[in-house]
Amino acid sequence: MSEVLKAPLVVEFPFTRSLGPVQSAFLTGLRERVVLGVRTSDGRTLVPPVEYDPVTADELHDLAEVAPTGTVTTWAWNHAPRRGQPLTTPFAWVLVRLDGADTALLHALDAPGPDAVRTGMRVRIRWAPERTGAVTDIACFEPYDGGPAPLTGRTDGHAGPVTGIVAAARLDYTYSPGRAQSAYIAGLADRRTLGERCPSCRKVYVPPRGACPTCGVPTADQVEVGPRGTVTTFCIVNIKAKNLDIEVPYVYAHIALDGAGLALHGRIGGIPYDQVRMGLRVEPVWTQDARYPDHYRPTGEPDAEYDTYKELL
Amino acid sequence: MTRDIAVVAFAQTDVLRTTDELSEVEMLMPVLHSVLDRTGLKTADIGFTCSGSSDYLAGRAFSFTLALDGVGAWPPISESHVETDGAWALYEAWTKLLTGDADTALVYSYGKSSPGSLRDVLTRQLDPYYVAPLWPDSVALAALQAQALIDAGATDESALAAIGARSRQDATANPHAQLSGPVRQGDYLVRPLRTGDCPPIGDGAAAVILAAGQRARELCERPAWIRGIDHRIEAHALGVRDLTDSPSTRLAAEKAGAFERPVDTAELHAPFSAQEVVLRRALELGDDVRVNPSGGALAANPMMAAGLVRIGEAAARIHRGASDRALAHATSGPCLQQNLVAVLEGEPR
Ligand SMILES: [Zn+2]
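Protein chains in written order, with full-length UniProt numbering: chain W, 1 to 313; chain E, 1 to 349.
Written as structure tokens, this is what we have:
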């Protein structure tokens, strides 16, 4: 059995999210070094503010300023900061109830060590030097010895409110396609197309995924298929894809390789696009160092009879 | 609504730190075959199929559609999927059977955490505006909860260590567990939680078959009748919640009928030692209740399957006569955010 393949896989996305009035006010406030909460009908002040009361589900919009100072309600010492976290040196995760608030905000506390942190300790916001209207405008909290800091008196009227955030995310994986697909990919390196036969229905799956979707049983019996095959159905592509160096129009087709129990897909070349037809016999064309066929071209054989591929459409 | 529905079969994989050589469907297939074999059912006999998984774990888009290859989805089947733990897939299947639309259901779930960095991946389920940009990982959030419990006097570090030790000792009787026997409590991962307070990261899958009424009796000698299931969720903002309590678990248990009569067994999905303290309090479990005889999530915590495994383990204990009335709990999200409780009973022997 060939070796199972592995490769790094990075999944990255910059989600662009819009803000409602409450979140917009809060993040705009942070940009201006003002912390806003939202009042509930029973007089609590939620910080960070939310648009709906988590208890009554009432819509909330009554903004209220709270102090940039507060009290730690619980904490956890993080001696090994991870990528993306607020500080690169060891720090405490904290929930902080800001003075004037009834709920707590999650953030980081810059402290020399765990012995310098306790529940009930007083802290204040350390603002980020560059602020854009995001929760990271709070760089972190720092120890603070004193009562509530004075309020600014500002709750609205900020010029240019923040209306959205870009929530960037990156996750790193090591991708492995598993046994069956590794064998398929390894076969392609030798320009051979390997499928797997279902022990129950005898169909040959290509590319194989290790299971017969009809019978729900493992497939293991490796079978080489092709290289020639038959166009079972096709479409004409008229719009050029970004970064794709293929002239339009071109033909994209389902191709049943000889011996395969289902069709795979590929581009048809070497023939004018309007002469491609069902039943056309084709063979793969490999380019230098390619890891899969660049396209399929006519073999010149007579077309296959419909009955020979009608089950593979 | 008078149909009685039971768990009639359960199977799970060994939970392993890595399963490189297997695709998700290859990992899943043996447990699907195993539950079907136990009942003698074929895919075509199953009335409804429901699965739970998350593409974020392995970084593979639409992986649940590929996993269907292991079920045999041709000719077409009645199928659904939840993007969370399979316990919630079981809940959906249970409601489907209650309606009378089907008499049997196959429920499965799986998770491969090994391709990615689980602590980072799980940050993506957090509030994207105020929390996720800070990348607080799953251990950090659980540590905040643990410290809150310690401050409240509900536990201390040695009591937490004892929970981990008991779980792994119990897991010596569970061949599927990832960690069993004496395991070093280890260093702090995020203080106050040490390695031993945290679940192992592993790949695994589980499957269950549900059946209604007489059909359940035909398929299983001693069906584990589901007397009630309910699931509840708490406010998503952590700072709004009292992390030392789990009102959602208590409410779900009440709605599921857990407090009507004592249970003898509880399979609790408490990935972190401190969470068992929270759940025991919320569920009012006495010292006479056998908690996590399987070893629980501190011995094996395959994401998206560990909650379904709790229901399966509780049911299997009823099947073999080791329990008459068992409670199964599943959780999802940070600090026990979402909680599902099922009450299972065997008929008098
Ligand atoms: Zn087959």
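Ideal Cβ placement from N, Cα and C applies to all residues, glycine included.
For W:V66, does the three-state DSSP call read helix, strand or coil? Numbered from 1 along the first sequence, position 66 holds the residue referred to as residue 66 of chain W. Strand, per DSSP.
Do the region 96 to 107 of chain E and the region 188 to 204 of chain E meet, that is, are 3 or more Cβ pairs less than 8 Å apart? no
Taking the straight line between their C-alpha atoms, what separation do you get for residue 405 of chain E and E:G40? Lying outside 1 to 349, the shown extent of chain E, residue 405 of chain E is not represented and no answer is given.
Using DSSP's beta-bridge definition, name the partner residues of E:A9. Looking up residue 9 of chain E in the second sequence gives position 9. Answer is E:I209, bridged to E:A9.
In terms of residue numbering, what span does the alpha helix (DSSP H) encompassing residue 399 of chain E cover? One cannot answer for residue 399 of chain E here, as it falls past the ends of chain E, which runs 1 to 349.
Which chain E residues sit within Cβ distance under 9 Å of W:F15? In the first sequence, the residue the question calls residue 15 of chain W occupies position 15. Correct list: P128.
Per-residue DSSP class, three states only, for W:T88: As a working note, residue 88 of chain W is residue 88 in the first sequence. If DSSP states are grouped into helix, strand and coil, W:T88 belongs with coil.
According to a CB-to-CB cut-off of less than 7 Å, which residues of the region 160 to 176 of chain W neighbour chain E? I165, A167, A169, L171, D172, Y173, T174, Y175 and S176
For W:M1 and W:D221, I'd like the C-alpha separation in whole angstroms. Within the first sequence, numbered from 1, the residue matching residue 1 of chain W stands at position 1. Within the first sequence, numbered from 1, the residue matching residue 221 of chain W stands at position 221. With a pLDDT of 49 at W:M1, under the threshold of 50, the predicted position of this residue should be treated as unreliable, though the coordinate-derived value follows. Cα to Cα, W:M1 sits roughly 11 Å from W:D221.
Quick check for students: name the residue ranges of the beta strand (DSSP E) that lie wholly in the region 39 to 121 of chain E, counting only runs of 3 or more. 48 to 52, 79 to 82 and 104 to 111
Looking only at DSSP bridge pairs, what is E:H231 linked to? The residue you call residue 231 of chain E lines up with position 231 of the second sequence. BP columns for E:H231 point to E:L340.
From the beta carbon of W:C215, is the nearest beta carbon of chain E less than 8 Å away? Position 215 of the first sequence, counted from the first residue, corresponds to residue 215 of chain W. Closer than 8 Å to some Cβ of chain E, the Cβ of W:C215 qualifies, so yes.
Closer than 7 Å by beta-carbon distance: list the chain E residues that pair up with W:A104, in chain order. One-based indexing of the first sequence puts residue 104 of chain W at position 104. Those within 7 Å of W:A104 in chain E are G239.
Quick one: does the C-beta of W:T214 sit closer than 7 Å to a heavy atom of ligand 1? By one-based count along the first sequence, residue 214 of chain W stands at place 214. Yes, the Cβ of W:T214 comes within 7 Å of a heavy atom of ligand 1.
Chain W residues whose Cβ lies nearer than 8 Å to that of E:G164: For this step, residue 164 of chain E is matched to residue 164 along the second sequence. Residues of chain W passing the Cβ test: none, with the nearest at roughly 17 Å.
Heavy atom of ligand 1 less than 7 Å from the Cβ of E:K42, yes or no? Taking the second sequence and counting its residues from 1, the one referred to as residue 42 of chain E is at position 42. No, since every heavy atom of ligand 1 falls outside the 7 Å radius drawn around the Cβ of E:K42.
Residues of the region 193 to 211 of chain E with Cβ closer than 7 Å to any Cβ of chain W, in chain order: none
So W:V50 contacts chain E; which residues on that side make the cut at Cβ distance below 7 Å? As a first step, residue 50 of chain W is located in the first sequence; it is residue number 50 there, counting from the start. The contacting residues are A237.
Tell me whether E:K96, by its Cβ, gets closer than 7 Å to a heavy atom of ligand 1. What you label residue 96 of chain E is simply residue 96 of the second sequence in a count that begins at 1. No, since every heavy atom of ligand 1 falls outside the 7 Å radius drawn around the Cβ of E:K96.
How would you call W:E59, buried or exposed, if buried means at least 16 neighbouring beta carbons within 10 angstroms? Along the first sequence, read from residue 1 onward, the residue named residue 59 of chain W stands at position 59. Exposed, because fewer than 16 other Cβ atoms sit within 10 Å of the Cβ of W:E59.
Please state whether DSSP places W:V96 in a helix, a strand or coil. On the first sequence, residue 96 of chain W is found 96 positions in, with the first residue counted as 1. W:V96: strand per DSSP, three-state reduction.
Classify W:H295 as buried or exposed, calling it buried when 16 or more other Cβ atoms lie within 10 Å of its own Cβ. Here residue 295 of chain W refers to the residue found at position 295 of the first sequence. W:H295 is buried by the Cβ-count criterion.
Would you give the residue range spanned by the beta strand (DSSP E) that W:G164 belongs to? The residue you call residue 164 of chain W lines up with position 164 of the first sequence. Looking at the DSSP string, the run of the beta strand (DSSP E) that includes W:G164 is G164 to Y175.
Which complete beta strand (DSSP E) runs does the region 12 to 56 of chain W hold, if anything under 3 residues is left out? 35 to 39
heavy atom of ligand 1 below 7 Å from W:S200 C-beta: As a working mapping, residue 200 of chain W is identified with position 200 in the first sequence. Because some heavy atom of ligand 1 lies under 7 Å away, the Cβ of W:S200 counts as near it: yes.
Report yes if the C-beta of W:K203 is less than 7 Å from at least one heavy atom of ligand 1; otherwise report no. Residue numbering aside, residue 203 of chain W sits at position 203 when the first sequence is read from its first letter. Yes, Cβ of W:K203 sits closer than 7 Å to a heavy atom of ligand 1.
Residue range of the alpha helix (DSSP H) that includes W:D307: In the first sequence, the residue the question calls residue 307 of chain W occupies position 307. Where W:D307 is concerned, the enclosing alpha helix (DSSP H) stretches over Y306 to Y309.
Own chain partners of E:W225 with C-beta closer than 6 Å, once the 5 adjacent residues on each side are dropped: Numbered from 1 along the second sequence, position 225 holds the residue referred to as residue 225 of chain E. Result list for E:W225: D4, A6 and E345, in chain order.
By the DSSP assignment, the beta strand (DSSP E) with W:I236 in it spans what residues? For the purposes of this step, residue 236 of chain W is taken as the residue at position 236 of the first sequence. Start and end: G229 to V237.
Beta-carbon proximity list for E:D139, same chain, < 7 Å, skipping 5 on both sides: For the purposes of this step, residue 139 of chain E is taken as residue 139 along the second sequence, with counting starting at 1. For the sequence presented, residue 139 of chain E should be read as Val rather than Asp. Excluding positions up to five away in sequence, the list reads R119, L189, V190, L193 and C198.
Does the Cβ of W:K203 have 16 or more other Cβ atoms within 10 Å, making it buried, or fewer, making it exposed? Sequence index remark: in the first sequence, residue 203 of chain W carries index 203 (1-based). W:K203 should be labelled buried.
Just checking my contact of E:A314 with E:T265 at CB under 8 Å: how many whole Å lie between their CB atoms? Here the question's residue 314 of chain E lines up with position 314 in the second sequence. Here the question's residue 265 of chain E lines up with position 265 in the second sequence. Right, their Cβ atoms sit about 6 Å apart.
Out of W:G37, W:D62 and W:G187, state which residue places its alpha-carbon closest to the alpha-carbon of W:A290. In the first sequence, counting from the first residue as 1, residue 290 of chain W sits at position 290. The shortest Cα separation from W:A290 among W:G37, W:D62 and W:G187 belongs to W:G187.
Taking Cβ positions, are W:L19 and W:G29 nearer each other than 8 Å? Within the first sequence, residue 19 of chain W is the residue found at index 19, counting from 1. Within the first sequence, residue 29 of chain W is the residue found at index 29, counting from 1. Their beta carbons are not under 8 Å apart, which means W:L19 does not touch W:G29 by this criterion.
Roughly how many whole angstroms lie between the Cα atoms of W:Y306 and W:T230? Mapped onto the first sequence, residue 306 of chain W falls at position 306. Mapped onto the first sequence, residue 230 of chain W falls at position 230. The straight-line gap from Cα to Cα measures roughly 10 Å.
Between residue 314 of chain W and E:V278, is the Cβ-Cβ spacing less than 8 Å? Residue 314 of chain W falls outside the range modelled here, since chain W spans only 1 to 313, and no answer is possible.
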